[in-house]
Amino acid sequence: MRQAETTRTVNLLKEVDVAVIGAGPAGLAAALACAEAGVSTLLIDANDAPGGQLVKQTHKFFGSERQHAGTRGIQIPSLFTEKLANYPNVEIMWNTNASGFYDSGELVLEDEKRFMKILPKRMIVAAGASERFLIFRNNDLPGVYGAGAVQTLMNVYGVVPGDRVMMIGSGNIGLIVSYQLIQAGVDVAAVVEAAPCIGGYLVHAAKLRRAGVPILTSHTVLAAHGQESVTGATIAEVDKEWQPMPGTEREVECDVICLAVGLMPLVDVLWHAGCEMKYVPELGGHVPVRDENMRTSNPKVYAAGDSGGVEEASSAMVTGEIAGISAAKSLGHQAPGADARLAQLKADLAAIRSGPTGEKISAGVRCATVCGGVWE
Amino acid sequence: MNRKSADIVVIGGGVVGCATAFELARLGCKNVVLVERNTIASGSTGRCGAGVRQQFGTELNCVLAREAVRIFEHMDEYLDYEPGVEFRQSGYLMLAYSDQQWEQFQRNVELERSLDIDVKMLTPEGAREIVPFLDLEGMVGATFCQTDGHANPFHTAFAYAQAAKRLGAEILTHTSVMDIEVENNKIQAVVTDKGRIATSAVVNCAGAYSAKIAKMAGIDLPVWGERHQILITEPVEAMMGPMVISFHHDFYCQQTPHGSFIMGIGMPGEPKSFNIRSSVDFLEGMANTVMKILPPLGNLRVVRQWAGLYDMSPDAQPILGECPPIEGFYNANGFSGHGFMVSPIVGQAMAELIILGKSSVDISKLDAGRFERGELVFEPAVVG
Chain A
18 MRQAETTRTV NLLKEVDVAV IGAGPAGLAA ALACAEAGVS TLLIDANDAP GGQLVKQTHK
78 FFGSERQHAG TRGIQIPSLF TEKLANYPNV EIMWNTNASG FYDSGELVLE DEKRFMKILP
138 KRMIVAAGAS ERFLIFRNND LPGVYGAGAV QTLMNVYGVV PGDRVMMIGS GNIGLIVSYQ
198 LIQAGVDVAA VVEAAPCIGG YLVHAAKLRR AGVPILTSHT VLAAHGQESV TGATIAEVDK
258 EWQPMPGTER EVECDVICLA VGLMPLVDVL WHAGCEMKYV PELGGHVPVR DENMRTSNPK
318 VYAAGDSGGV EEASSAMVTG EIAGISAAKS LGHQAPGADA RLAQLKADLA AIRSGPTGEK
378 ISAGVRCATV CGGVWE
Chain B
4 MNRKSADIVV IGGGVVGCAT AFELARLGCK NVVLVERNTI ASGSTGRCGA GVRQQFGTEL
64 NCVLAREAVR IFEHMDEYLD YEPGVEFRQS GYLMLAYSDQ QWEQFQRNVE LERSLDIDVK
124 MLTPEGAREI VPFLDLEGMV GATFCQTDGH ANPFHTAFAY AQAAKRLGAE ILTHTSVMDI
184 EVENNKIQAV VTDKGRIATS AVVNCAGAYS AKIAKMAGID LPVWGERHQI LITEPVEAMM
244 GPMVISFHHD FYCQQTPHGS FIMGIGMPGE PKSFNIRSSV DFLEGMANTV MKILPPLGNL
304 RVVRQWAGLY DMSPDAQPIL GECPPIEGFY NANGFSGHGF MVSPIVGQAM AELIILGKSS
364 VDISKLDAGR FERGELVFEP AVVG
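Quick mapping for you: the protein sequence lines, in order, are chains A and B.
Per my numbering, the very first residue in the first sequence carries number 18; after that it's consecutive.
Per my numbering, the very first residue in the second sequence carries number 4; after that it's consecutive.
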């Protein structure tokens, strides 16, 4: 337990134009847009460095140059922070949790030492997402990891999670992390996928197949084995109703079971703020109903990045910038050319979400967008 | 909805409604329907502080609480509930901060002892033997009852609901009562958004919303909602046994079996409302008070705060019994913040009253008519 002496209550009721919660791709883009518009901006993050999930994304981005295509994810945060450093109207608080937003308009922040109250005129929630878990026997044994945790362990800290990994889930995260494990010298026993086909891009799956990794579609994990930590797992084939088929069980030897079974938007602060929420499976769970400018039903509150629906970093940077420009504009501030930029961003977003892989996201976004695209 | 009629309709799926439905079924009533607009324990029950105490200032509350504890002690077997309701008798430590309050406590203890409730009177130092890190500043004395304690409100409500179902009661969740049909002062039917249920008896267990239900039957019931807030900390090793209560600070705090500290404090000037939003004033007020009285708790992180409604009555006592002139309309509401702890005995008493015409614990003084008669019974011991 921490020492009592270090826990002090300090109440600052500080006013700020825009508070941005989360300094991942969406929050960084939002804060920079606010900075450029000239509004006082407070950027808050629970970690001690910027980037959110970018800190472990060692792969090069696809898409448009405006969203840093060709740049590795890990290089992107510093591009933003270098620019943000030029703006005296931006303050950044690291190691700080945004723990509550109240009807009184107060945003409560806390770190190891302080409890602070902020009175923001606008709030942009760019809190990201959390990993989904899977229910199976012994799923609390050491050695059962989320894919995000494995990626952080390897790509940020340079530590491998074990010797032989069984990956559950063949979305892009499952496929990319599997390949990164192989690059790190870790054996990947198999990629197990409950659906009849893979979820991620073929290009990532093809790399794994070339490396000899079996991709077992229509399979699921039934149990982890081991006393102190994982020593193996039982998997089985599933039928069309996703039910395990008796007689198809088999044992897989592994010391890590890595779960890459999707993400859920982190929306707690949006619930606190009384935003109208909607359950949209295509976007990963409950998301705020929003207009085209990422404003929620609460006129003071905007959502950006995965907090508005799970996508990926490129679209997070776009929705973040849209939210930033729009929040500043609602306070009567905008940078030269902001309207043209806003139109460009909306076009970029449509392009990112186009094509067969974007269909699901687009359907989800349509479902989560307020009728007519603008609030009454 | 398939059902067209019922012998009795219980309105409200909180712990009082569930206990009442179970006890009615246990006394042989085979056609009981419980109607809940949301899910079981989704209202005040699931939001309560989870304490069970017998230290009260009126004979009736003491007796009700004592009988409830006797049921809690064997509840898992009584309701055949395998997960268990987590009843734990780790006591209630009640702190007095003025001579006047201490005198009241002494009167309470005299009353409690006369009713076979074992309560100790302690000096501030004696209180510290029970909670070693208790701050004693300004404290005059304390009372302690070991057989008071804690139970899990969700499990308790689920246990009653499941047991009621096994005895043939039907539980309709996600079903809202829209109207109550009355003819010649007799209940005819309960109209829900899923259909009409013909019945001659209704038990109003709708908590803070009881006045709205009563109004449907043409009754003015003096029950209103009042927001009360709670916070819970991260779990830590067991370090505090009893619930600690101070009427002076209007606060209570207990460590749950899971290790979290759960606590509430009354906020002055709370209006009549159905508001269950959380406030930052509560978070700060609660933290400042608990850090003063139980200093080590300042090291803990708050993981969650929430609000719920007390179903307040004019004398902070429950309203139990039939409600003339409407024949077949029964109230079990107005618990004013201590409904969960008495729910087992209230369910029994209500069922006995409805089926047998008389309850083994005399609850006649708690009828709704007392307000017109001017026979209010003020409970001096209400907190949080």
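Virtual Cβ for every residue (Gly too), placed ideally from N, Cα, C.
Please read these numbers as outputs of a predicted model, since none were measured by experiment.
Query: Backbone CA spacing between I216/B and V12/B [nearest angstrom]; Result: 12 Å
Query: I199/A - containing alpha helix (DSSP H), residue span; Result: N189 to Q200
Query: Contacts around G301/A, its chain only, beta-carbon distance under 7 Å, and the 5 residues preceding and following it disregarded; Result: A146, G279, L280, M281, P282, G326 and V327
Query: Spatial neighbours of R69/B in its chain, beta-carbon cut-off 8 Å, leaving aside the 5 residues before and after; Result: Q57, L118, D119 and I120
Query: CB contact check: R280/B to chain A, cutoff 7 Å; Result: yes
Query: Inter-residue spacing [alpha-carbon to alpha-carbon] between I74/B and E115/B; Result: 18 Å
Query: DSSP-derived helix/strand/coil call for W417/B; Result: There is no way to answer for residue 417/B, as the model of chain B reaches only from 4 to 387.
Query: Cβ separation of L82/B and A28/B, assumed to be a contact under 8 Å, to the nearest whole Å; Result: That belief does not hold up - the Cβ atoms of L82/B and A28/B are roughly 12 Å apart, past 8 Å.
Query: Cβ of Y119/A within 7 Å of any chain B Cβ; Result: yes
Query: Sequence-distant residues of the same chain with beta carbon closer than 6 Å to P411/A, five excluded per side; Result: Lying before the first or after the last residue shown, residue 411/A is absent from chain A, which here runs from 18 to 393.
Query: Neighbouring residues, chain B, relative to K134/A (Cβ below 7 Å); Result: V283
Query: Minimum Cβ-Cβ distance from E129/A to chain B less than 7 Å; Result: no
Query: Residues of the stretch 291-309 of chain A whose Cβ lies closer than 9 Å to any Cβ of chain B, in chain order; Result: G291
Query: Environment of K73/A [buried if 16+ CB atoms lie within 10 Å]; Result: buried
Query: Nearest to M315/B (by Cα), restricted to the options T236/B, F157/B, S47/B and V38/B; Result: S47/B
Query: Spatial neighbours of L348/A in its chain, beta-carbon cut-off 7 Å, leaving aside the 5 residues before and after; Result: D34, V56, K138 and R139
Query: Candidates F332/B, G210/B and D182/B, of which the one nearest K197/B by Cα; Result: D182/B
Query: Under 8 Å by beta carbon: chain B residues contacting E123/A; Result: V283
Query: Same chain, Cβ closer than 6 Å to S235/A, neighbours up to 5 away in sequence not counted; Result: P213, E254 and V255
Query: N-terminal and C-terminal residue of the alpha helix (DSSP H) that L366/A is part of; Result: A355 to I369
Query: A63/A (DSSP reduced to helix, strand or coil); Result: coil
Query: Length at least 3, wholly inside the stretch 169-248 of chain A: the beta strand (DSSP E) runs in chain order; Result: 181-185, 204-209 and 236-242
Query: The alpha helix (DSSP H) enclosing A68/B, as first and last residue numbers; Result: E62 to F75
Query: Alpha-carbon to alpha-carbon, R110/B and K361/B; Result: 30 Å
Query: Segment limits, beta strand (DSSP E) that includes H303/A; Result: G302 to P305
Query: Reduced DSSP secondary structure (H/G/I, E/B, other) of R131/B; Result: helix
Query: Three or more C-beta pairs below 8 Å linking the stretch 263-279 of chain B and the stretch 233-242 of chain B; Result: yes
Query: Beta-carbon gap between V306/B and E237/B smaller than 7 Å; Result: yes
Query: Cβ distance (whole Å) where L136/A is taken to contact K31/A below 8 Å; Result: 7 Å
Query: Nonlocal neighbours in the same chain, by C-beta distance under 8 Å from I190/B, ignoring five residues either side; Result: I183, E184, T202, S203, A204, V205, A220, I329, E330, G331 and F332
Query: Opposing strand residues paired with P137/A [DSSP bridges]; Result: V33/A
Query: Buried or exposed (CB count within 10 angstroms, at least 16 for buried), V66/B; Result: buried
Query: C-beta contact flag for C51/B and P127/B at 7 Å; Result: no
Query: Rounded C-alpha distance that separates A360/A from C388/A; Result: 20 Å
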